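First the structure, in the form of C-alpha cells, and then the observations on it.
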Amino acid sequence: MSRNHSTQPRGYEPTHAYDVDSESPSTNSAVYKRYPLYKPAEWLLEVASLILSLVLLLVIVYIFWITDDKPLSYWKFPTPEFTISLNAVISILTTGFSAAMMHGVSEFISQLKWLHFKKGPQKLENFEKFDGASRGPWGSFKFLFSITWNLAALGALITICRLTIAPLAQQVIDYPERNVNKTDSNATFGYAHEYNRNLSGYMFNHRMSSAPHDPRMQSAILQGIYDIDIPQIFSCPGACKWDSSYISLGFVSTCRNVTLATLRTEDCPAVGGSHKGCNMTTPGGIRLSTHHADTDLQTTFRLNASSTMGETDITLPEGFPDLVTFAVYRATSDQNFTPSNINITECALSLTAYEYSKSHANGSDFQFDGIKEIKLPHKRWNIYGGQGSFDGYIWTNASKAEGLPKLTLGWVDIKSLQFFFQSDMISAEWVDGNYENKNPGISAALIGDVDLEERFNKMATSMTDYLRAGPNRKTAKGQRVDKVTFVSIRWVWLIGPAAIELAALVFALVTIAQNRKSSAVPLWKSSALAVLACQHEQGVGDGVGLIRSKVKDIKEIEETAEKVQVQLE
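Right, dumping it as C-alpha cells:
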C-alpha cells in the first residue's frame, strides 16, 4: 500500500510481477481455508438458489396441473375481485425460477475458473473468458467457441438455453374455446302426442260437416303447397342443443305415377260439337274429369281429393292410417289446344310418428340432425266413441319396448281436416282457352312442371310442424351452449424448462463434488475481492507464471475489504 495509508489497517499489497523459476508451479502447493457445506462461504447460497428454482418450477407445474382442462374463469388468484392473469403469474414465477437457477450456475462457472487454472498452465486470457461466461449468454456463446470444452461448457450451455425458459413456459398454455352445455329453461321446442281441439262441447247440435275448421292447420297446408318456408317455432337464447330424442305425431305423404292405368279408363263422350268431356278413374278410385274443344279449350290441371273414411262408419277403414287420397291431372296444350305431356299422379296423406334426435339451434337456425319415421299400421289404432261421435277419438297404444307413447286424434279434428281437403279451396280445375274458370283452387301452385311429390311432402312437413307448435304442444327442454375459454396445458413444451433445471442440478452436483475433493483450490467463485488479493508472477522467458495470494481465507479477504479504503491512481 502507499505510504499515505501506512496508518490504515493491513490491506491488499500491490500486485507485483516477479521472475520465478519455471518449475515453481509444481513445487508449491497452497492450502486454502474451507468451511462446512452449509456455510455461506461454501455452497449454501448456491444450493439454496437451486432448491428455490426447483420449488418455483414445481409451483409452475402445480398451477398448470390444477388449471388444465378448466375454464379460464376458474383462475381467480389472488382473489375473485382482484385477479392477476394466469399468464402474468406464470411470467413472474418463470422469471424467479430462471433468476434463482442462474445465480447458482454463474457462481459454479466462476468457481470452475479457479479449478481450471489449478489443473495446469493456461492462457491468462482464459480468465476473462470464464468471467464472461459467468455473466450472461453472449459471454457463454463466445466461451463455447474459444476454449477447450470442459465442465464449465455445460454451465455456458445452460446460460444460453435459459433464454428459452420464458417463451417455452408461455407456450405451454393454450386457450381453446369449447362448447359448454348449461341447463336453460328458455331452450325449448315443441312436440305433440295428440291433435284434439276438444270441440265436443260446442257440437251438440251440429252436423259433422259443419265442424269448425282449424285455421292454423289450413294455413300450414297452404304454406306447404305453395312452397312457403316458415321458420321453425322454438326458443333459444343463442346456441342450444337437445340431447334427448322426442316422438311426435305427424303426417306423411306418398305419391305414385298412375298415368297409364288411369288413361285406360278414360271415356270422352261428345258434349256438343267438338266439345268433349272426358272422365277417368285412378287406381285409388278417384274420379277425374277434363274438358276439350278443338282449337278452343283444354283442361291442363285437375285435382280431386277423397276421404278414406265415411262420416258414420263404426270401424276404421282398411286403408287407415291414410286420411286423404289426392289425384292430380296435368297436361300442356299447343296453339290448337291439343293435350300433350299428360301426367296423372296419385298421392296419399297418412298419419305417422317421427322420432326427432340430435336437435340443435343457433340464432334463427333450428335443425334436427336425426329424423326417423315410425310407421303406424292399421293394427296399432283403436277407436273410442265410434266414428260420427263428436267426443270420439282414435289412439295408438303406448309401447315401452319401442319407446312409443300413446298418440291420440280427436274424431272431429280428423273429419274437419278431410272436409277441408275435399273443399273447393283444394279441389280445383284449370282450363286453358275459351273457358270461364270458376274453381281455380290451388292450381297456380301445382300446375306445370312442379315436383308434386316434393310439394306434398312439404305440405305434410308443414302440417307436422304445426302439430308440434299447436294446441296440444309439449315442451322439450334443452341446454344452452356457451362458448367458454378453457385452459389447456400442452405438457410437451414444459420438457425444455425441466431439462434445463435438471442440467443445472447435475452441473451443481458435479461442480461441488470436484471442488470438495481438495483444499488446494480456493473457493473464491466470482469474488472480485479475491482477484484483487492475488498476485500475478510472470515466468522467466517461456516459463509459466503464477497466480497466488497470501490470504487463504475468503472471509479474511471480505473482512479486510470492509475496513480498507482505496482510490484509483
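Residue numbers (the working numbering): 1 to 569.
Just so it is clear, CB atoms sit at the ideal spot from N, CA and C, and this is done for glycine as well.
Model, not experiment: these values are computed from the prediction.
### Contact set for Ile447: own chain, Cβ-Cβ below 8 Å, skip 5 residues either direction
Hits under 8 Å: Thr300, Phe301, Arg330, Trp430.
### Message
Quick check on the burial criterion: 16 or more other C-beta atoms within 10 angstroms. Buried or exposed for Asn4?
### Response
Residue confidence is low: Asn4 scores 42 on pLDDT, short of 50, so the model does not pin down where it sits. No coordinate-derived value is stated.
### Query
Who are the Cβ neighbours of Leu505 in its own chain at under 8 Å, not counting the five residues just before and after it?
Excluding positions up to five away in sequence, the list reads Leu50, Leu54.
### Message
Quick check on DSSP: helix, strand or coil for Lys33?
### Response
Here Lys33 carries a coil assignment [DSSP, helix/strand/coil].
### Query
Would Arg565 be called buried (16 or more neighbouring beta carbons within 10 Å of its own) or exposed?
Sequence inspection shows Gln at residue 565; the Arg mentioned does not correspond to that position. Exposed, because fewer than 16 other Cβ atoms sit within 10 Å of the Cβ of Gln565.
### Task
Run through the segment 254 to 341 for me and flag every whole alpha helix (DSSP H) of 4 or more residues, listed as ranges in chain order.
259 to 263, all fully within the segment 254 to 341.
### Task
Could you name the residues of the same chain whose beta carbon sits closer than 7 Å to that of Asn196, not counting the 5 residues immediately before and after it, in chain order?
If the five residues before and after Asn196 are omitted, its C-beta is found closer than 7 Å to the C-beta atoms of Tyr393, Thr408, Leu409, Gly410, Asp413, Asn472, all from its own chain and listed in chain order.
#### Entry: Proximity winner among Pro269, Gln422, Gln232, Gly363, relative to Thr308 (alpha-carbon distances)
The option with the nearest alpha carbon to Thr308 is Gln422.
### Task
May I have the straight-line CA-CA distance separating Val271 from Met459, to the nearest angstrom?
A straight line joining the alpha-carbon of Val271 with that of Met459 spans about 37 Å.
### Query
Ordered along the chain, which non-local residues of its own chain (more than five positions away) have a Cβ less than 8 Å from that of Asp227?
Sequence-distant partners of Asp227 (beyond 5 residues in either direction) whose C-beta falls short of 8 Å from its own C-beta, in its chain, are Ala445, Arg455, Lys458.
### Task
Return the CA-CA distance between Tyr32 and Ile554, expressed in angstroms with no decimal places.
Answer to the nearest angstrom: the Cα atoms are 9 Å apart.
### Message
Based on DSSP bridge pairs, tell me the residues matched to Phe189.
### Response
Partner(s): Phe234, Ala476.
### Query
Roughly how many angstroms lie between the CA atoms of Asp294 and Thr332, to the nearest whole one?
Looking at the two C-alpha atoms, the distance is approximately 14 Å.
### Query
Are Leu467 and Ala211 touching if we call contact CB-CB under 8 Å?
For Leu467 and Ala211, no; Cβs fall outside 8 Å.
### Beta carbon of Ile374 nearer than 8 Å to that of Tyr356
Judged by their CB atoms, Ile374 and Tyr356 are not nearer to each other than the 8 Å cut-off.
### Check whether Lys142 and Asp131 have beta carbons under 8 Å apart
No.
#### Entry: The alpha helix (DSSP H) enclosing Gly96, as first and last residue numbers
Bounds of the alpha helix (DSSP H) holding Gly96 are 86 to 119.
#### Entry: Any 3 or more C-beta pairs closer than 8 Å across the segment 133 to 149 and the segment 78 to 97
Too few Cβ pairs lie closer than 8 Å, so no.
### Task
Determine, using beta-carbon pairs with one atom in the segment 72 to 83 and one in the segment 114 to 123, whether at least three such pairs fall under 8 Å.
Look at the beta carbons and you see the segment 72 to 83 not touching the segment 114 to 123: under three pairs across the two are nearer than 8 Å.
### Query
Taking the alpha-carbon positions, what's the Leu72 to Cys240 distance?
Taking the straight line from one Cα to the other gives about 22 Å.
#### Entry: Any C-beta of chain D under 8 Å from that of Arg490
The structure shown contains no chain D; it holds only a single protein chain.
### Task
From the DSSP output, in three-state form, read off Asp174 for me.
The answer is strand: DSSP assigns Asp174 an E or B state.
### Query
Say the cut is 7 Å; is the CB of Lys123 nearer than that to a heavy atom of the ligand MN?
Absence of the ligand MN from the depicted structure is noted, as is the absence of any ligand whatsoever, leaving it without description.
### Task
Give the C-beta separation of Gly224 and Met425 to the nearest angstrom, bearing in mind that I take them to be a contact with Cβ-Cβ under 8 Å.
Rounded to whole angstroms, the Cβ separation of Gly224 and Met425 is 14 Å, and the two are not in contact under 8 Å.
### Message
From the DSSP secondary-structure annotation, give me the bridge partner or partners of Tyr384.
### Response
For Tyr384, which the question treats as bridged, DSSP gives the partners Tyr393.
### Query
Quick one, which of Ile286, Gly285, Asp334, Leu316 has its alpha-carbon nearest Pro296's?
At residue 296 the sequence reads Asp, which differs from the Pro that was named. Check the Cα spacing between Asp296 and each of Ile286, Gly285, Asp334, Leu316: the tightest is with Asp334.
### Query
Would you call the segment 474 to 487 and the segment 171 to 180 in contact, with 3 or more CB pairs under 8 Å?
Yes, the segment 474 to 487 touches the segment 171 to 180.
### Message
Here's the rule: buried if 16 or more other CB atoms are within 10 angstroms of the residue's CB, otherwise exposed. What is Ala499?
### Response
By the neighbour-count rule (16 or more Cβ atoms within 10 Å), Ala499 is not buried but exposed.
### Message
Just to check my reading of the structure: Val252 and Ser399 have Cβ atoms closer than 8 Å, yes? What is that Cβ distance to the nearest angstrom?
### Response
That pair is no contact at about 19 Å.
### Task
Assuming Ser185 and Lys477 form a contact by the criterion Cβ under 8 Å, report the distance between their Cβ atoms to the nearest whole angstrom.
Contact holds; Cβ gap of about 7 Å.
#### Entry: CB-CB length for Ser416 against Ala428, believed under 8 Å
The C-beta separation of Ser416 from Ala428 comes to about 20 Å, leaving the pair out of contact by the 8 Å criterion.
### Query
Which term fits Ala513, buried or exposed, when burial requires 16 or more other beta carbons within 10 angstroms of its beta carbon?
When all chains shown are included, Ala513 counts as exposed.
### Query
Within this structure, are the beta carbons of Ala348 and Thr315 separated by less than 8 Å?
With contacts defined as CB atoms closer than 8 Å, Ala348 and Thr315 fail to qualify as a contacting pair.
#### Entry: Cα-Cα separation, Ser549 to Leu52
A direct Cα-to-Cα measurement between Ser549 and Leu52 gives close to 34 Å.
### Query
CA-CA distance, Phe189 and Pro231?
One C-alpha to the other measures close to 12 Å.
### Message
Buried or exposed for Trp65, going by 16 or more other Cβ atoms inside 10 Å?
### Response
Residue burial is scored here from C-beta neighbours: Trp65 has fewer than 16 other C-beta atoms within 10 angstroms and is therefore classed as exposed.
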